[in-house]
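Here the structure is laid out as structure tokens; the discussion comes afterwards.
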Amino acid sequence: MDLYRAIRERRSIRKFKKTAVARDVLEKIFEVALWAPSGMNRQNWKFFVLAGERKEELVSIAAVSFEYLEPELQIRFVDKPKIVEATRRFFKRLGGAPVVVCAYFEPANMGDVNSFQNVAAAIQNLLLVAYAEGLGSCWMTGPVTVAEEISRFLGVDDMTLVAVIPMGYPDETPRIPPRRPDRVVYQGFE
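Quick note: the sequence shown uses numbering that gives the first Met the number 0, first residue 0, plus one each step.
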């Protein structure tokens with residue numbers, strides 16, 4: 000798939016088909032996704048890929064995070080209650096995704112800012128490669144509000160949860176959101 004096309008066409012998917020994702024497809028995706036750049040080439044990301052019963056247990060834990068987000072959503076979408084309700088439904092089952100990925104970083108001597116950026120680069124690769132393989136995904140930071148519970152469930156110590164990413168075959172075609180203007184400022188060009 001053409002990179003430019005993948006970047007423009009990839010969307011956050013919030014409704015998935017029940018079709019399982021084969022482990023070899025996921026391994027192919029991660030083999031490419033982990034070629035992301037990282038500060039001092041630390042590659043200090045760690046991904047947990049869950050399916051089946053383990054995924055279902057994680058979904059139950061992550062769903063609680065909506066309670067922490069709802070007040071902000073109520074304010075931001077005061078005139079759009081359907082958005083708040085759709086978000087509530089999505090968090091309850093993570094769209095029925097057959098796979099959920101938890102993205103972490105391991106401590107590094109370069110600080111959290113660099114580590115967040117490292118993982119973010121790998122996540123972006125993950126989303127694009129998944130799309131190229133016919134999968135949908137959704138980069139979620141809301142579940143980070145229950146990071147302690149998620150980490151305890153996964154048996155993770157001394158790492159920081161950056162995102163939870165539901166993944167599977169899309170069962171929706173989201174609209175194309177417009178791009179905001181004036182987001183790039185060029186200086187020093189003739």
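C-beta atoms are modelled at their ideal positions from N, C-alpha and C, and glycine is treated no differently.
As the structure is a prediction and not an experimental result, all values here were calculated from the model.
* How many Å lie between S114 and A107 at the Cα? -> The straight-line gap from Cα to Cα measures roughly 7 Å.
* Asked: Are the stretch 154-168 and the stretch 121-137 in contact at 8 Å, needing three or more beta carbon pairs?
  -> yes
* To do: Give the DSSP-derived three-state secondary structure of P165 in the structure shown.
  => Correct three-state label for P165: strand.
* Straight-line CA distance for A35 to V48? -> 18 Å
* **Chain-order list of residues whose beta-carbon lies under 6 Å from that of R41 (same chain, five-residue window excluded)** => A107
* Asked: M39: buried (16+ other C-beta within 10 angstroms of its C-beta) or exposed?
  -> exposed
* Asked: Quick check: the stretch 15-28 against the stretch 54-61, are there 3 or more CB pairs under 8 Å?
  -> no
* Does the Cβ of L2 have 16 or more other Cβ atoms within 10 Å, making it buried, or fewer, making it exposed? -> exposed
* Given 8 Å, three or more beta-carbon pairs between the stretch 114-131 and the stretch 145-157 -> no
* Please determine, among A129, A85 and E69, the residue with the shortest C-alpha to C-alpha distance to R22. => A129
* Alpha-carbon spacing of K54 relative to G187, whole angstroms -> 51 Å
* Compute the Euclidean distance between the alpha carbons of L125 and L33, then round it to the nearest angstrom. => When rounded, the distance between both Cα atoms is 8 Å.
* Helix, strand or coil: which one does DSSP assign to S64? -> coil
* Asked: Of all the options L153, R179, V183 and V184, which has the alpha carbon lying nearest to the alpha carbon of K45?
  -> L153
* Is it right to say V163 is buried, meaning 16 or more other beta carbons lie within 10 angstroms of its own, or is it exposed? -> buried
* To do: Specify the secondary structure class of K17 as computed by DSSP and reduced to three states.
  => coil
* Are F65 and R92 close, meaning C-beta to C-beta below 8 Å? -> no
* For N43 and R179, the rounded distance between their alpha carbons -> 32 Å
* For G51, count neighbouring Cβ atoms within 10 angstroms of its own Cβ and tell me buried if that reaches 16, exposed if not. => By the 10 Å Cβ count, G51 comes out exposed.
* The alpha helix (DSSP H) spanning V83 covers which residue range? -> P80 to R92
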